[in-house]
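Remarks on the structure that follows.
There are 4 protein chains.
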Amino acid sequence: MPGDFNKTHNRILVSAKENFLANGYERANLRKICRDAGITTGAFYRHFSDKEALFAAFVEPVIEGIRKIYFDSQKDCIRLFEKESILAAYDITYTAAASFINYIFDNLDNFKLLLTCADGTKYFSFLDDMVSLETDEREKVFELLSSKNIKFNRIPKKESHLLTHTIFSSMFEVATHDFTREEALQYGHTLSAYCNAGWQAVLGI
Amino acid sequence: MPGDFNKTHNRILVSAKENFLANGYERANLRKICRDAGITTGAFYRHFSDKEALFAAFVEPVIEGIRKIYFDSQKDCIRLFEKESILAAYDITYTAAASFINYIFDNLDNFKLLLTCADGTKYFSFLDDMVSLETDEREKVFELLSSKNIKFNRIPKKESHLLTHTIFSSMFEVATHDFTREEALQYGHTLSAYCNAGWQAVLGI
Amino acid sequence: MPGDFNKTHNRILVSAKENFLANGYERANLRKICRDAGITTGAFYRHFSDKEALFAAFVEPVIEGIRKIYFDSQKDCIRLFEKESILAAYDITYTAAASFINYIFDNLDNFKLLLTCADGTKYFSFLDDMVSLETDEREKVFELLSSKNIKFNRIPKKESHLLTHTIFSSMFEVATHDFTREEALQYGHTLSAYCNAGWQAVLGI
Amino acid sequence: MPGDFNKTHNRILVSAKENFLANGYERANLRKICRDAGITTGAFYRHFSDKEALFAAFVEPVIEGIRKIYFDSQKDCIRLFEKESILAAYDITYTAAASFINYIFDNLDNFKLLLTCADGTKYFSFLDDMVSLETDEREKVFELLSSKNIKFNRIPKKESHLLTHTIFSSMFEVATHDFTREEALQYGHTLSAYCNAGWQAVLGI
DNA sequence: GATGAATGAGCCTTCATTCAT
DNA sequence: TATGAATGAAGGCTCATTCAT
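Residue numbers (the working numbering), protein chains in the order written: chain V, 165 to 369; chain D, 165 to 369; chain Y, 165 to 369; chain L, 165 to 369.
Structure (structure tokens):
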């Protein structure tokens, strides 16, 4: 048996995805994953260094991916805000939301794993990490506004964090609530409107 | 030591809370909980029928409590909406948020357990259950609006569910982000403003 | 609470009988027995030295009783055989069976305990002990027959033991197969006929 | 030691047989069984799904086997009885007993386990199940006799059950009373004679 | 390179009995 | 004398990982 490395590798991934999705990282049984993949446990360790590395294979690429999308849209946002106006920045959230959602749907299962099955791995705080990222950016925007002498109701960073959590958690949840891509994109629009209105009400701008 | 039931019981609770908070329900080790409480594992079972019952002792009372508060404020909301106007109903969200947050802070650790350590117990879906409750109520309000011939942009139930998730998850998160009660109450106000504006934008009323 | 010793003692017995009958000696839970009896485990040890002593309270008297009945009927049997004939001895088995069965029904629950719930106690071999007793007696009868020059087909002691087992086990089983006393007595007659015919066929007398 | 599956498997079986025979199913300690087999408890579960499955490995094959033998000899018996006479049917019991006893001796330890160590498993009622089987068959024979207008003393089913118990229990007991195969076969003959005479006496035919 | 048997610490739970109060 | 909390060893079972072959 020449054991086509790639074929085996893929069979492991297929089996692992199924098992992780069904039971979560911790409750998923590595030996069952191997059994379902038609390999031995020993063979597994030729493909992945351990259970967490297997999980990482699904999750790390999309973390990278979504962060890249985030940073890009963040840059756009800042640029727009500086060159044009807050309103333009608000406007761009619709596009940003669509980018996010499209990327999520391009990698749907991986996001399901990341968002609902990561308990017990180092990725458990993914969402909160994204939120922290955005909260920090938002603080910078607040500084910018202040430096431009634009009056607004500055809220504590803690509040900003939780309000931000709102957007991200809600956007990612389309992955876990059986939305089609179309429904999700539609929802992205609704969510942007909702959040933009919310921020305007809270900040006064 | 002849054993004072209440003292031991409390020591178990203290130790359990610590361990559950630190590791989550499943990873928490019952024997360590006992060791930390200064008793043997055998003694434990005089106090609780099993590990899940121990967890339930923290969590069940506050589930009951918060549901009661929810239903009460829901009734108020409907009454106001019917007797007066939507705006009055929007207004009441500030009070409702305060009630929630106060209750959460009256039972802070229990909510931390419920919200972040319940994986592996039957309480894991608490938040989503609350959201489903509220989503159903919201559907009823939509019907009411329709029956009153009030024009609004009715959104799909799925979207409503996720938007609703936003509020609850955000409110409960004050329990897990080291807010003081005052900060939390202040945030409750902000969140209400944010969400009210959001809903108005989305529904068009 | 003056704690009427006898009342408590009886409550323990009632509870124990129920629990032993339902689960057998080993699987019966002493703390449940105490709970059902409305006493504490500590109090129990004032009444019985341990779990086995509690079981013995049911079982030892009837072991004594049935052995006495056995020895009495055995004596009668020998006497008859010596004074009269083998046939007379065969005849007396009908009376002996009736004595046994009546005694069993006078102490029905105790025999159920002894016969079906004694696993894990020193009484587990009660039936076999009875059989051994009778087998030894039968050997003596065989000697007697030989000494009288009565010809018969002497069978190995081992066979005698198993054949004897037949009678005892079958007789005791009326206790555990929901016979009424009348049905059992009737069966006792049938069984005697069956066994007498059997022995005659086997021994040739 | 890289582990030879079959060797280990056999070591487990050897150790398990010893421990089950010595202590019965429930009191046998799985960890001791493993220790005696020279493996860890974890290794055990590669070979058997649980403790009961280990016990079943001994016992299930011989339950199947003895039932097959029973049904075969039952068929022969009915055929003979219909084609020839009751007497022929009585005659065949000698052969049937020999078949049983030979099969028992071909699987001696397994029958010891089944007959004396099965308490706490689902096989505890094996003997009674066999008896019920035979009692039902006997009822059919009674019907047949009636339909042929053969006069006989029909006894209650309850009595028939207990009388039948006699044969089976006695036959199986050769497994647990240190008979050699020859002694047992000899005893099988005696027992058949005994029971045939018994039934003739009781039924009047 | 692949196998798969073995590891071994870990898990929650049970229970007859003891003994300070 | 009665209480009942506590003992503590034992029970069956799980599982990611290792390593001789």
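Just so it is clear, CB atoms sit at the ideal spot from N, CA and C, and this is done for glycine as well.
(Q) Is it the case that the segment 263 to 272 of chain L contacts the segment 227 to 237 of chain L, given that we only count it when at least three CB pairs across the two stretches are under 8 Å? (A) Yes: the two stretches touch, three or more of their Cβ pairs being nearer than 8 Å.
Q) Mind checking if T354(V) is an interface residue toward chain D, Cβ cutoff 8 Å exclusive? A) Using a CB distance cut-off of 8 Å, T354(V) counts as an interface residue toward chain D.
Q) In whole angstroms, what separates the C-alpha of G368(Y) from that of F316(Y)? A) 6 Å
Q: To the nearest angstrom, report how far apart M294(D) and V223(D) are at their CA atoms.
A: 14 Å
Q. In angstroms, rounded to a whole number, what distance separates the CA positions of I227(Y) and K171(L)?
A. 48 Å
Q.
Once the 5 residues before and after F288(L) are set aside, which same chain residues still bring their CB inside 8 Å of it?
A. A282
Q) When you compare only the Cα positions, how much space is there between I256(L) and T354(L)? A) Taking the straight line joining both Cα atoms gives about 14 Å.
Q | Contact belief for F343(L) with L279(L) at Cβ below 8 Å, rounded distance in angstroms | A | F343(L) to L279(L), Cβ: 13 Å. No contact.
Q) DSSP on M165(Y), reduced to helix/strand/coil? A) Any reading at M165(Y) must be qualified, since the residue scores a pLDDT of 43, below 50, and its modelled position is unreliable; no value is offered.
Q: To the nearest angstrom, report how far apart A361(Y) and L297(L) are at their CA atoms.
A: 25 Å
**Q.** Minimum C-alpha distance to C359(L) - residue among H341(L), S324(L), A339(L) and K247(L)
**A.** S324(L)
Q) Can you give the beta carbon distance from T259(D) to Y189(D), rounded, assuming they're within the 8 Å contact cut? A) About 33 Å separates the Cβ atoms of T259(D) and Y189(D), ruling out a contact at the 8 Å cut-off.
**Q.** N-terminal and C-terminal residue of the alpha helix (DSSP H) that G362(V) is part of
**A.** For G362(V), the uninterrupted alpha helix (DSSP H) run begins and ends at R345 to L367, by DSSP.
Q) Quick one: which chain Y residues come within Cβ less than 8 Å of I265(L)? A) Result: empty, since nearest Cβ-Cβ is about 12 Å, beyond 8 Å.
Q.
Please tell me whether L308(D) has its Cβ less than 8 Å away from any Cβ of chain V.
A. no
(Q) Give me the chain L residues within the contact set of C359(Y), using Cβ-Cβ distance strictly less than 7 Å, ordered along the chain. (A) Listed along chain L, the residues sitting closer than 7 Å to C359(Y) by beta-carbon distance are G362.
**Q.** Partners in chain D for H329(V), counting only beta-carbon separations shorter than 8 Å
**A.** One finds S333, S334 and E337 in chain D with Cβ atoms closer than 8 Å to the Cβ of H329(V), taken in chain order.
Q | Contacting residues, own chain, Cβ-Cβ under 6 Å from C241(V) (five flanking each side not counted) | A | Here the set comprises A253 and I256.
(Q) Judging by CA-CA distance, which residue of H173(L), A220(L) and D214(L) is the nearest neighbour of D200(L)? (A) H173(L)
Q) What residue range is occupied by the uninterrupted alpha helix (DSSP H) comprising F306(D)? A) F290 to S311
**Q.** Alpha-carbon spacing of Q238(D) relative to G206(V), whole angstroms
**A.** 57 Å
Q: Assuming L326(L) and Y209(Y) form a contact by the criterion Cβ under 8 Å, report the distance between their Cβ atoms to the nearest whole angstrom.
A: In this structure L326(L) is not in contact with Y209(Y), their Cβ atoms being roughly 41 Å apart against a cut-off of 8 Å.
Q | Rounded straight-line distance, which links the Cα of I268(D) to that of E346(D) | A | 12 Å
Q: Could you name the residues of the same chain whose beta carbon sits closer than 8 Å to that of A186(D), not counting the 5 residues immediately before and after it, in chain order?
A: A192
Q: Could I get the ranges of all uninterrupted alpha helix (DSSP H) runs contained in the segment 187 to 248 of chain Y, with 4 residues as the minimum, in chain order?
A: 194 to 201, 205 to 211 and 215 to 247
Q: Mind listing, in chain order, the continuous alpha helix (DSSP H) runs of no fewer than 4 residues lying wholly within the segment 313 to 346 of chain L?
A: Listed in chain order, the complete alpha helix (DSSP H) runs (minimum 4 residues) inside the segment 313 to 346 of chain L are 321 to 336.
Q | Spatial neighbours of R175(Y) in its chain, beta-carbon cut-off 8 Å, leaving aside the 5 residues before and after | A | A201, G202 and I203
Q.
Quick check on the DSSP output: the alpha helix (DSSP H) that includes A260(V) runs from which residue to which?
A. Per DSSP, A260(V) belongs to the alpha helix (DSSP H) from I250 to D270.
(Q) Could you check whether V305(L) and F245(L) sit closer than 8 Å to each other, using their CB atoms as the reference points? (A) yes
Q) How would you call M165(V), buried or exposed, if buried means at least 16 neighbouring beta carbons within 10 angstroms? A) Legend: pLDDT at M165(V) = 43, less than 50; position of this residue unreliable, no value from coordinates given.
Q: Output, in sequence order along the chain, the residues in the segment 312 to 329 of chain L whose CB is closer than 8 Å to any CB in chain Y.
A: I319, P320, K322, E323, H325, L326, L327 and H329
(Q) Residues of chain V with CB closer than 8 Å to the CB of H341(D), please, in chain order. (A) K322, H325 and L326
Q: Compare the Cα-Cα distances from L309(D) to each of E216(D), D168(D) and E248(D) and report the closest residue.
A: E248(D)
Q: Rounded to whole angstroms, what's the CA-CA distance from F332(L) to Q364(Y)? Just pull it up for me.
A: 20 Å
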